[in-house]
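Q: Just so you know, my numbering puts the end of the sequence shown at 283, numbered straight through with nothing missing. Backbone N, C-alpha and C fix where the C-beta goes; we use that ideal spot for every residue, glycine too. One structure is given below, represented as structure tokens, and several questions about it will come after.
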Amino acid sequence: MATPTRLKKRLGAFLRDVRRRADKSMDEAADHLRTKRPTVSRYETGEVLPVWSTVHMLLTYYDVTSGDLTLAARLYDDAKDEPRSVRLTAGASKAFRKLVNAEREAVRERELAPIVFPGLLQTKSYAQALIGAGSPLHNPDMRPESAVATRMERKKPLEGADPMTLHAIVDEAVVHRQIGGPGVMRGQLEYLIGLADRPNITLQVIPFAAGGYGTMNGSFVLVDYPEPEALPGVYLEYPAGGAWIDDADDVKRFVATFDEATSLAMSPDETTNLLRQQLKSL
């Protein structure tokens, strides 16, 4: 059975709401389409994306307004054109799978990374060196080359006409730690300096002088969805695994931690200058 995504769920919820508003039962909708009740149910839960002619038949039957019809067309286009799935390596955790699926629909991602540069900002060489260095902790089913490919594919939401926004904060130690040696690090720093002009990407460094701050022993990711009322999802990364957090109180604490880190960090321009200085020293 297909897994419903947030975009298909949004269309499905809309179809359910207008059906109820029209005071029609699911059985009546099924009869109108000359299908069975479970099919209509799968449309409304987002498990199945109907063709547009079916959506239009339902909306006509429900006697919706022109505004509802326009909204339905937009929701349908969003659900139909959602990005293809990222190929995940064998052994990927359930929490990581949730993160990757969430990134397909996110409008913004915020990451606090005190140990290494975030995966969405890594070059292929940096990722290869990093994954190779952590091999004893990896799932035995994981293939390093597949893990690197997954990491590179995850960057796709940052591209295109309407890209996701990324705000990443790293510790100053990350800038100095030579993952893969001087050559790999030079390529990584050059890549980040080149990203400084991208309006949807913000990188900031927390300087050593800032002292201690929250979650210095591990990174976390905040994923923001298109719906203003939707609470962000949190991916918490740790050695050999991770956790997906969506409890409201816990999420608020992570948001507060990220905001605190932002207040301690250098400005984006100061960060770029630091990257240039470090590049010259290699």
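Less than 8 Å between the CB atoms is what I'm expecting for histidine 33 and tyrosine 77, so what's the real figure, rounded?
A: Contact doesn't hold; Cβ gap of about 18 Å is too wide.
Q: If you draw a straight line from the C-alpha of arginine 35 to the C-alpha of glutamate 45, how long is it?
A: Between the C-alpha atoms of arginine 35 and glutamate 45 there is a straight-line separation of about 17 Å.
Q: Thinking C-beta only, is aspartate 79 closer than 9 Å to leucine 12?
A: yes
Q: Pull up the distance between the alpha-carbon of phenylalanine 259 and that of alanine 31, whole angstroms please.
A: 48 Å
Q: Residue range of the beta strand (DSSP E) that glutamine 205 falls in?
A: First-last of the beta strand (DSSP E) with glutamine 205: 202-207.
Q: How would you call leucine 193, buried or exposed, if buried means at least 16 neighbouring beta carbons within 10 angstroms?
A: Under this definition leucine 193 is a buried residue.
Q: Whose CA, out of Asp225, Leu223 and Ala262, lies closest to the CA of phenylalanine 209?
A: Ala262
Q: Using 8 Å for Cβ pairs, my map puts valine 206 next to phenylalanine 221. What's the rounded Cβ distance?
A: With a Cβ gap of about 17 Å, valine 206 and phenylalanine 221 do not count as contacting.
Q: What are the residues that DSSP puts in a beta bridge with leucine 113?
A: Ile170 and Phe221
Q: Give the DSSP-derived three-state secondary structure of glycine 188 in the structure shown.
A: helix
Q: From the DSSP secondary-structure annotation, give me the bridge partner or partners of aspartate 44.
A: It should be noted that the sequence gives tyrosine, not aspartate, for residue 44. According to DSSP, tyrosine 44 bridges with nothing at all.
Q: Kindly list the residues whose CB is nearer than 7 Å to the CB of glutamine 279, restricted to its own chain and excluding five residues on each side of it in sequence; keep chain order.
A: Cβ within range, chain order: Val176, His177 and Leu190.
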